[in-house]
Structure formats: C-alpha cells, structure tokens
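Asks:
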Amino acid sequence: MGYREIYAQAATDPDAFWMAAADAIDWDRAPTKALFDQNAPLYQWFSDGMVNTCWNAVDRHVEAGHGDRIAIIHDSPVTHTKHEITYAELQTRVASLAGALAAKGVTKGDRVIIYMPMVPEALEAMLACARLGAIHSVVFGGFAANELAVRIDDCTPKCIIAASCGIEPGRVVHYKPLLDGALELARHQPEFCVIFQREQEVAHLEEGRDVEWHGFQYGVDPAPCVPVEGNHPAYILYTSGTTGQPKGVIRHTGGHLVALNWSMRNLYDMNPGEVFWAASDVGWVVGHSYICYAPLVFGCTTIVFEGKPVGTPDAGTFWRVIQDHKVKCLFTAPTAFRAIKRDDPQGALVSDYDLSSLETLFLAGERADPDTIEWAQDKLGVPVIDHWWQTETGWAIAGNPLGIEKLPVKIGSPAVPMPGYDVHILDEGGHPVRDGELGAIAVKLPLPPGTLPTLWNAEARYRKSYLEHFPGYYETGDAGYKDADGYLYIMARTDDVINVAGHRLSTGAMEEVLAAHPEVAECAVIGVSDGLKGQLPMGFLCLNSGSAMGAEEVIADCVKLVRQKIGPVAAFKLALVVDRLPKTRSGKILRGTMVKIADGEDFKMPATIDDPAILDEIAVALKGIGYPKKTSR
1 MGYREIYAQA ATDPDAFWMA AADAIDWDRA PTKALFDQNA PLYQWFSDGM
51 VNTCWNAVDR HVEAGHGDRI AIIHDSPVTH TKHEITYAEL QTRVASLAGA
101 LAAKGVTKGD RVIIYMPMVP EALEAMLACA RLGAIHSVVF GGFAANELAV
151 RIDDCTPKCI IAASCGIEPG RVVHYKPLLD GALELARHQP EFCVIFQREQ
201 EVAHLEEGRD VEWHGFQYGV DPAPCVPVEG NHPAYILYTS GTTGQPKGVI
251 RHTGGHLVAL NWSMRNLYDM NPGEVFWAAS DVGWVVGHSY ICYAPLVFGC
301 TTIVFEGKPV GTPDAGTFWR VIQDHKVKCL FTAPTAFRAI KRDDPQGALV
351 SDYDLSSLET LFLAGERADP DTIEWAQDKL GVPVIDHWWQ TETGWAIAGN
401 PLGIEKLPVK IGSPAVPMPG YDVHILDEGG HPVRDGELGA IAVKLPLPPG
451 TLPTLWNAEA RYRKSYLEHF PGYYETGDAG YKDADGYLYI MARTDDVINV
501 AGHRLSTGAM EEVLAAHPEV AECAVIGVSD GLKGQLPMGF LCLNSGSAMG
551 AEEVIADCVK LVRQKIGPVA AFKLALVVDR LPKTRSGKIL RGTMVKIADG
601 EDFKMPATID DPAILDEIAV ALKGIGYPKK TSR
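The sequence shown begins at 1 in UniProt numbering and counts up one residue at a time.
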C-alpha cells in the first residue's frame, strides 16, 4: 500500500492499525485494544498491556542471536576517543547499573534525574531506569543550578545520576559544582547521587550522599526487566513554558514503543543492523526518541556524538563521522548545516570524505529554509527531508514516509501528516481556512500513540496550554498552511506571526527570502513594536565567513529582495548584521527574547540558552540603530 492508503487506514480504524503495529513489540501481556478514550480529551494507548522498554531495546536482540551487533558507537572528537558497545555488552552494563540502583531502593515509579554529557553511560542510565520501571528525567548537562533545582523540586527524584564534567571545545564544564549548587537551592533532596567520574575531571564526592558509578555497582546482582503497564510513564522531559515555569512532558511506555518502532522503518527507511545517527543531545526530545530509544528498539546501531558541527576540529566533522561509521541516515537540525555552510560555503571539505553509505538527511528542530536544503542536496547528493515535530509529540507530525513511499519533495514543506495525525489549519475562531491561507496548526484529537497524554502533575495546565483554545484539538503553537496536495508548510510559531498595519505576515517567509542571499549564512526576522503600523519586521543577518560584501551592501540587497518577493506590504526596511544569533542548545533561535530586547521589555534569561553573552551583543547592535525606542514600552 502507498502512503494515502496507509494514512486512510489509520484514520478510519485506528485501533486495528495501531494494534497491528503493536505486534512488532514484545509484550509481557498483550493489550486487548489500542485506544482508551473513556477519559477524553485525555486519551491513552495500550493501557492494559504489560511491557518493558529495556527488554525491547536491549535484551530481545541478544535473545534473538544479535548480541554481537553494535548497539552504540561513541564518537568524541572533544576527547579524541571512539569506541563501540555491542548489544550483549550493553545488556550486561545496563543490568548491572539497574541492579545497583535497585539495591539502593530504586523501584517502579520512582523518579531519577539524569544530568550527563554525550557519553554512552547517559543511555545506560536511561535504560537502567526503564529496566526497573523507574521514571527518568534527563536534564541537559551543564544546565544552571537554579534551573536544575526547579526540575528536582518538580519531579522529586529518589536518585540523581550525573557526570563529573562535560567537555566543550576548549573547555571543561564542571557538572558536579552545578549539581551541588542545585541541591543547595532545592527543597527536595534525593536519597543518593551516582557520579560518573571522567578522567578529564575527578569531582569531590559528598560523604553519605554521593556514590561513584563503578564502585557502587561492585558485587551487586544484575537486575531483571520489570514489566509495567502500557500507560506507565517512561520519562518526564521538561520543556520551557510561556510562564517561565518548565512543563514536564510525559511519555507512556506502550505507545512510546509502538510509535517509535513504527517510525524507524516507515518514516526513516531503516533496517535492523544499519547505522542511524541523530546528531542531537540526550537532553532534548530528539535524543530521547532517536539517539536512545527508537534505534535500539528497532535493532539499529546508534551514534552518541560528543562534539559540534564546526570547531571539533572543523566543518568536516559530520562528514568524517559518516565515513568512519558507515552512517545510512543522518538526522540533525538545520542550524547545524547553517553553521557548516557558514564556515565552508563552497562545501570544499565534503570531497575529502567517502559519504557513499549516506542515503538520506533528515532535518528538524528549526524551520528548514530552502537555501539550506538546496545547499545540502547539492553538496551531499542525497534526498534532504524536512520533517516537523515537537517535544510534546515525541515523533514526527509530518514528514516524507520513505519506508512506505518516497513522495515528491517540495522544498519548504515537511511534506504530509503521519498516520494518526489529523492536521487542520484554523483561524482564531477555530474555523478551517482555505488552502494556501496562513492559520494556526492544530491536530484533531486523539493524538496518535507516542505523544504526550498530559503533563507531570499538571493536568489543568496541560488542558489550558494545549486543549482549551481549540476544543477537540491539540494546539501546536505553530502557524502555517496546507497546499492543494495536502502538504504542510510550517512558517513560524504563532507568536512569531506579526501584524503589520493589519496584515498578518509570516516571519518564516521573510527569513526564506533573506537566506537566499548568497552572502547570508543564517538569519532571523522578528516583529518590533511600531506606533504607526503596530509592528514592523526586523532582520538579523549573519554573513558567510570571509564575505566579500560589506554589511550595508548586503542589507540593501535584502531589503530589495523582500520587497520583490513578498511585496511592499511587508514594510521590510530594518535589518542589521550580527556575528551570531542567540539560540537554545538544541539550535532554536530565541526570537521571543530578541523581541523583548528590541521593545525594551524585561525578560527572563532563557534556561536553555547556549551563550547568554550573545544577548548583550544583540542589545548593542540594536542600540546602534536606535532600539529600543522609548515609545516601545
């Protein structure tokens, strides 16, 4: 069957469709049905099944005779090390860690915070929790102490697993002092902390509270897998909320396993034993879904990469990893490719490596502008597939299902909705808009398996944040449109759609035009307050390394381009060249914070910001063109 037949099948009989997909998972007790809707609009999947995630990700592959298959490749250019772990070795390591945690009292339902860099031990900690039925909450390694404290108080962990340090290009990030500082701030205190000591820094251990990773496992019996209900939370993953208070997205075990396993073959076109590389971090949803769980559950080899797309040591690092490990599918954020393109605009380093193993590049996390996609297609010679999803959904809302049918690629679109996602474009009143018209993107309930069923200890907030604005729908918070073929176009967060003299305009469409300029490596457009028109667009441009054009010349070109491509209605006249854009550690541009700086409003430093100093640079650049204006306040 082709995509349309499979999508229709999931829409007309979701129970039958997802029960068939569930057959690919090892259940201790098979579910009697897929969808449980008695508490609508809070839906659940496979609730009466019993299952264990770690068994499905590790043990079953060993039992099936694949113990010698490589499960994890750790590639760390920042420490100049590489090593491989087989499924059999992973089983031994995870069972040992789980046994040690169990011996210290960690049981089903207990929470465990994991605060680790990109090392295999981070995945082992996640899987050890899953083995016991404990609920892990991974916090991005290096998060500030106060932000870590907020998460400790919210999920009240019995245990925290951390590393002594993380390694960044040119520096060591001291994790243990950050953890100690968080515990001084937190009201809740864990019973114990497990510290993985790295050779780059050996941390001080607090007597009576801290235990060393290897030492506390010595002489302990390995733990068996503990079956849990299909609706048992696998993990809590915190995402920034509009109030500044993080939201704890939870993932139910049964639906998580079924959806991720289904996606590996049908979306990413993978087969067991092949090498899948999601160049992200375990602290983000991509790291949960596609570094740890999906590849291992499906029986692939996953890469844990401790480095950056540039600077470790150069813009050829990605190509070296693909060559060395025979990567079939690379999944990363568009911002990574913009960084590579900025350092190596001609793609000269690509020819230094053998990329014959690479079949596809998937992009997600930030809107993939056509210029970046075209550059990647040209340099790599493989299909470049944009797809769209969120922390809340856990896997793609829309994509090109390569394992079912290779649909035509439309640059600028993440293609079509995945089975189970009934996507609608609505106006502010909740009414459908015409094809091609910009509106709020919402998904008709129920969401498919693998998506968030609610928030951790915050059902009222879940309803208010996602369900109340458009009753009967999940509100994505993104704006976009559909074309006549059903392809989606994600243009901006709804907060980033600006109103210029009554015209609703997409900042994403303007960014698309700016990114097409040959000297623009990366850009962002925000809406700033204006006394006459309400809002005006303002562009921030990062130029290619060694750009031959001056800043004023590029700005003049860009103003002309927007006028030509979008029209005078955009009123695009404000632009400035900056060295870099403020981003989260996952690569999302902090447009909302930039708006507040330009408008002279107070703002809270985003917890996920990669480098706070960039905000000072943006403020200085804005001051140079007279922002913030006094009338903006």
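Note that beta-carbon positions come from the ideal geometry of N, C-alpha and C, so glycine has one too.
1) Leaving out the 5 sequence neighbours to the left and right, which residues in its chain are closer than 7 Å to Q323 when beta-carbon positions are compared?
2) Quick one: using the 10 Å Cβ neighbour count with 16 as the cut-off for buried, is Y466 buried or exposed?
3) On the premise that L407 lies in contact with V416, defined as a C-beta separation below 8 Å, what is that separation, rounded to the nearest angstrom?
4) Which residues share a DSSP beta bridge with G399?
5) Let me know if M1 comes out buried or exposed under the rule of 16 or more other beta-carbons within 10 Å of its beta-carbon.
6) Keeping to the same chain, check which residues put their C-beta closer than 6 Å to that of V595; ignore five residues upstream and five downstream.
7) At a cut of 8 Å, does the stretch 328 to 341 reach the stretch 74 to 81 through at least three beta carbon pairs?
8) DSSP state of N146, grouped into three classes?
9) Work out the CA separation of A509 and R131 for me, nearest whole Å.
10) Provide the residue(s) that pair with V275 in DSSP beta bridges, ordered along the chain.
11) Measure from the alpha carbon of K379 to the alpha carbon of each residue in T391, F337, D369 and E392, then state which is nearest.
12) Determine the contact status of V106 and A134, defining contact as a CB-CB distance below 8 Å.
13) Name, in chain order, the residues that DSSP records as bridge partners for M50.
14) Considering only C-alpha positions, which residue in the set H188, G299, I236 and N146 is nearest to P177?
15) Taking 7 Å as the cut-off, is the CB of G208 close to at least one heavy atom of the ligand ATP?
16) Locate the beta strand (DSSP E) running through C558, then write down its first and last residues.
17) On the DSSP letters alone, give me the boundaries of the alpha helix (DSSP H) that Q461 sits inside.
18) Which partner residues of A162 appear in the DSSP bridge assignment?
19) Grab the span of the beta strand (DSSP E) containing S529 for me, first residue to last.
20) Which same chain residues, not among the five before or five after G67, have their C-beta less than 8 Å away from its C-beta?
21) Which residue wins for smallest C-alpha separation from P446, given the options G429, V423 and N400?
22) Just to confirm before moving on: does the CB-CB distance between Y481 and I425 stay below 8 Å?
23) Below 8 Å between beta carbons: does that hold for T593 and D610?
24) Please report how far the alpha carbon of Y218 lies from the alpha carbon of F196, in whole angstroms.
25) Quick one: Cα of T631 to Cα of V282, how far?
26) Applying the 10 Å Cβ sphere with the 16-neighbour rule, what's the burial state of K560?
27) Label P568 either buried or exposed according to how many other C-beta atoms from any shown protein chain fall within 10 Å of its C-beta, with 16 as the threshold for buried.
28) Could you tell me the alpha carbon to alpha carbon distance between K444 and V578, rounded to whole angstroms?
29) Taking the continuous alpha helix (DSSP H) assigned at H61, which residues delimit it?
30) Would you be able to state if there are at least three C-beta pairs under 8 Å between the stretch 163 to 180 and the stretch 117 to 130?
31) Would V554 and M538 qualify as a contact pair, given that the criterion is a beta-carbon distance under 8 Å?
32) Measuring CB atoms only, is the stretch 13 to 32 touching the stretch 258 to 276, in the sense that at least three cross pairs come out at less than 8 Å?
33) Using the beta-carbon count (16 or more within 10 Å), is E552 buried or exposed?
34) In whole angstroms, what is the alpha-carbon distance linking L148 and I167?
35) Given a threshold of 16 other Cβ atoms within 10 Å of its Cβ, counted over all protein chains shown, does P518 qualify as buried or as exposed?
Replies: Per the coordinate set shown:
1) As a working note, residue 323 is residue 323 in the sequence shown. Closer than 7 Å at the Cβ level, and outside the excluded window around Q323, lie Y353, D354 and L355.
2) In the sequence shown, residue 466 corresponds to position 466, counting from 1. Per the 10 Å Cβ criterion, buried.
3) Here residue 416 corresponds to residue number 416 of the sequence shown, with the count starting at 1. Here residue 407 corresponds to residue number 407 of the sequence shown, with the count starting at 1. Correct: roughly 7 Å between the Cβ atoms.
4) Mapped onto the sequence shown, residue 399 falls at position 399. Partner(s): V416.
5) Counting from one through the sequence shown, the residue named residue 1 turns up at place 1. Flag for M1 reads exposed.
6) For the purposes of this step, residue 595 is identified with residue 595 of the sequence shown, where counting begins at 1. Hits under 6 Å: I526.
7) no
8) For the purposes of this step, residue 146 is taken as the residue at position 146 of the sequence shown. Looking at N146 - three-state DSSP - the assignment turns out to be helix.
9) Looking up residue 131 in the sequence shown gives position 131. Looking up residue 509 in the sequence shown gives position 509. Taking the straight line joining both Cα atoms gives about 46 Å.
10) Walking along the sequence shown from the start, residue 275 turns up at place 275. Partner(s): T301 and V327.
11) Working through the sequence shown from its first residue, we reach residue 379 at position 379. Cα-wise, what sits closest to K379 is F337.
12) Indexing the sequence shown from 1 puts residue 106 at position 106. Indexing the sequence shown from 1 puts residue 134 at position 134. Cβ atoms of V106 and A134: closer than 8 Å.
13) As a first step, residue 50 is located in the sequence shown; it is residue number 50 there, counting from the start. According to DSSP, which records beta bridges pairwise, M50 is partnered with R29 and E229.
14) Locating residue 177 in the sequence shown gives position 177, where the first residue counts as 1. Checked all of H188, G299, I236 and N146; the closest Cα to P177 is N146.
15) Among the ligands in the structure shown, none appear at all, so the ligand ATP cannot be discussed.
16) Working through the sequence shown from its first residue, we reach residue 558 at position 558. Unbroken run through C558 is the alpha helix (DSSP H), A551 to K565; no beta strand (DSSP E).
17) Walking along the sequence shown from the start, residue 461 turns up at place 461. Per the sequence presented here, residue 461 reads as Arg, with Gln not at that position. Looking at the DSSP string, the run of the alpha helix (DSSP H) that includes R461 is E459 to Y462.
18) As a first step, residue 162 is located in the sequence shown; it is residue number 162 there, counting from the start. Note: A162 sits in a beta bridge opposite Y115 and I195.
19) Here residue 529 refers to the residue found at position 529 of the sequence shown. Here the beta strand (DSSP E) through S529 covers V520 to D530.
20) The residue given as residue 67 occupies position 67 in the sequence shown. Contacts found: H61, T86, Y87, A88 and Q91.
21) Mapped onto the sequence shown, residue 446 falls at position 446. It is V423 whose Cα lies nearest to the Cα of P446.
22) Here residue 481 corresponds to residue number 481 of the sequence shown, with the count starting at 1. Here residue 425 corresponds to residue number 425 of the sequence shown, with the count starting at 1. Against a cut-off of 8 Å, the Cβ pair of I425 and Y481 comes out as a contact.
23) As a position in the sequence shown, residue 593 is number 593, starting the count at 1. As a position in the sequence shown, residue 610 is number 610, starting the count at 1. It is not a contact, given that the beta carbons lie outside the stated cut-off.
24) Here residue 218 refers to the residue found at position 218 of the sequence shown. Here residue 196 refers to the residue found at position 196 of the sequence shown. Answer to the nearest angstrom: the Cα atoms are 14 Å apart.
25) Here residue 631 refers to the residue found at position 631 when the sequence shown is read from its first residue. Here residue 282 refers to the residue found at position 282 when the sequence shown is read from its first residue. Caution is warranted here: a pLDDT of 46 is assigned to T631, below 50, making its placement in the model unreliable, and the coordinate value is therefore given only provisionally. Distance between the alpha carbons of T631 and V282: 43 Å.
26) Walking along the sequence shown from the start, residue 560 turns up at place 560. Under this definition K560 is an exposed residue.
27) As a working note, residue 568 is residue 568 in the sequence shown. Looking at its Cβ environment, which holds fewer than 16 other Cβ atoms inside 10 Å, P568 is exposed.
28) Within the sequence shown, the letter at position 444 stands for residue 444. Within the sequence shown, the letter at position 578 stands for residue 578. Approximately 41 Å between the Cα atoms of the pair.
29) Here residue 61 refers to the residue found at position 61 of the sequence shown. Per DSSP, H61 belongs to the alpha helix (DSSP H) from R60 to E63.
30) yes
31) Translated into positions along the sequence shown, residue 554 becomes position 554. Translated into positions along the sequence shown, residue 538 becomes position 538. For V554 and M538, no; Cβs fall outside 8 Å.
32) yes
33) The count along the sequence shown starts at 1 and reaches residue 552 at position 552. Looking at its Cβ environment, which holds fewer than 16 other Cβ atoms inside 10 Å, E552 is exposed.
34) Mapped onto the sequence shown, residue 148 falls at position 148. Mapped onto the sequence shown, residue 167 falls at position 167. The straight-line gap from Cα to Cα measures roughly 19 Å.
35) Indexing the sequence shown from 1 puts residue 518 at position 518. By the neighbour-count rule (16 or more Cβ atoms within 10 Å), P518 is not buried but exposed.
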